[in-house]
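Engineer: Questions regarding the structure given below will be posed in turn.
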Amino acid sequence: MSYFQNHIDAMTGYVPGEQPRDRTFIKLNTNENPYSPSQKVAEAMMPILLDGRLRLYPDPLATEFRQAAAELHGVEPSWIMSGNGSDDILTILTRAFAGPGDVIASAQPGYILYETLAELQNSRFQVIPFPVNWKIGPEHVSGLKSPKIFYLANPNSPSGTVMTPGEVGELADALPCQLVVDEAYGDFATTNCISLVKSHSNVIVTRTFSKGYSLAGLRIGYCVARPELIQGLNKVKDSYNCDMLSLAGATAALKDQDWLIATRQKIWDTRSRLAAGAAELGYLIPESHANFIWCEGGPPAQEVYAALRDRDILVRLMSYPGREPALRITVGTDHQIDLLLKALGEIV
Ligand SMILES: Cc1ncc(COP(=O)(O)O)c(C=O)c1O
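What follows is the structure, given as structure tokens:
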């Protein structure tokens, strides 16, 4: 006998990328940033650890953080809500907008968590396959059955491809529901969809500190949405979903845009070398606007994944219905990518 609800019993649960504790790998499997975060982050957090403030609850409305994020994006703080990583924001959005039997839609290959979130709500998950140009247009979503949410990772994971704000705006116009533009990798792209939140009443943008800001371990993200939506979402979130340290650290990180710009440039430069090297081996690599590349075709992904693992290099092997397994490789430091390319050359 199970005490779980039937739909919970029926689901597999989200399986995150491997986080090995027992062995040292060159870790290129979960799109972490290889560089240490801005020094300003530790400087902002240290006094909190030392002066006894942790005995108090954090600010439930993350006032200072929201002020800093609002300034960066040119909106009022009432347009921002913070969360325990952007996964927390995605959970809050799903719980707010979809219930049992409702349709949640997304494009595939995409971020696997969206389906898990739909399963948790006992909602139905409907998938639109990406066409070859990796752009979802109004014509692709006309067959959706009254969806409540459409999740679009942009830049997309695992492809790294991006749709322009104009294209996303057209998609929003065609959808009868909330379009959540997941910009977890937005810091690596040269365009973003924040302006669409102002121009389109059904667009919400989510962001994270885990990738561009090198703070995956801190667990903080946020969304930009219209104030009336933020008010409703505040009812769904845990009161204290962001702790005092992460709020202080993320606020300092946001204010150090020089760090972000310099680090992003390093990632872009290394990404070009990585993509060129992997393409030489025969992989088909869509142009990446994120901190990883997606390698389809070419040498068999399963075997290459295993051979790299034997050499202590971890990449992500991913399988999607109707496609051959493929490799998603995070952009590491120059040295890490040199070692990866050398190993790939030997294996292939
Ligand atoms: C597309 C996408 N969205 C959201 C997330 C979650 O990021 P966070 O660490 O902020 O929860 C990830 C993490 O890999 C991601 O790839």
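The sequence shown begins at 112 in our numbering and counts up one residue at a time.
No residue lacks a Cβ here, since even glycine has one placed at the ideal position from N, Cα and C.
(1) Looking at I331 and S196, is the spacing between their C-beta atoms short of 8 Å?
(2) With a cut-off of 8 Å on the beta carbons, I'd call V442 and R382 a contact; round off their distance for me.
(3) How far does the alpha helix (DSSP H) with W245 in it extend, from its first residue to its last?
(4) Curious, which full-length alpha helix (DSSP H) runs of at least 4 residues does the segment 153-215 contain?
(5) Considering only the beta carbon of each residue, do E353 and A173 sit closer than 8 Å?
(6) If we count the other Cβ atoms within 10 Å of its Cβ and call it buried at 16 or more, is Y168 buried or exposed?
(7) Give me, in chain order, the residues of the same chain whose beta-carbon lies closer than 6 Å to that of S200; leave out the 5 immediate sequence neighbours on both sides.
(8) Based on the DSSP secondary-structure assignment, which residues constitute the bridge partners of T135?
(9) If distances are taken between C-alpha atoms only, which option among L224, S270, I223, E278 comes closest to P249?
(10) On the CB-based measure, 16 or more other CB atoms within 10 Å of its CB, does E230 come out buried or exposed?
(11) Can G212 and R235 be called in contact, C-beta distance under 8 Å?
(12) Between the C-alpha atoms of V243 and Y114, what's the straight-line distance to the nearest angstrom?
(13) Could you please give me the residues that DSSP links to C334 through a beta bridge?
(14) Run the CB neighbour count on M192, radius 10 Å, all protein chains shown included, and call it buried at 16 or more, exposed below.
(15) Please work out which residues of its chain come closer than 8 Å, Cβ to Cβ, to R434, disregarding the five sequence neighbours upstream and downstream, and give them in chain order.
(16) Have a look at the DSSP bridge pairing and note the partners of C406.
(17) What ranges does the beta strand (DSSP E) occupy inside the segment 246-288, keeping only unbroken runs of at least 3 residues that lie completely in it?
Structural biologist: Taking the structure as given:
(1) Rather than Ser, the amino acid found at residue 196 in this sequence is Gly. A contact, by the Cβ cut-off of 8 Å.
(2) Going by Cβ atoms, the distance from V442 to R382 rounds to 5 Å, so yes, they are a contact pair.
(3) Unbroken run through W245: none, as it is neither H nor E.
(4) Counting only runs of 4 or more, we get 174-184, 197-208.
(5) Reading off the sequence shown, one finds Cys at residue 353, where the question assumed Glu. Pairing C353 with A173 gives a Cβ-Cβ distance under 8 Å.
(6) With a threshold of 16 other beta carbon atoms within 10 Å, Y168 falls short and is exposed.
(7) According to the sequence as given, residue 200 is Ile; it is not Ser. Excluding residues within five positions, the ones whose Cβ falls inside 6 Å are G194, T317, G332, C334.
(8) For T135, no pairing in a beta bridge is given by DSSP.
(9) Checked all of L224, S270, I223, E278; the closest Cα to P249 is E278.
(10) Of the residues assessed, E230 falls on the buried side of the cut-off, its CB having 16 or more other CB atoms within 10 angstroms.
(11) Cβ atoms of G212 and R235: closer than 8 Å.
(12) The straight-line gap from Cα to Cα measures roughly 44 Å.
(13) According to DSSP, which records beta bridges pairwise, C334 is partnered with M192, T317.
(14) Here M192 is buried. Its C-beta has 16 or more other C-beta atoms within 10 Å.
(15) In its chain, beyond the 5 residues on either side, P220, E407 have a beta carbon closer than 8 Å to the beta carbon of R434.
(16) C406 pairs with L438.
(17) Segments of the beta strand (DSSP E) lying fully in the segment 246-288: 258-264.
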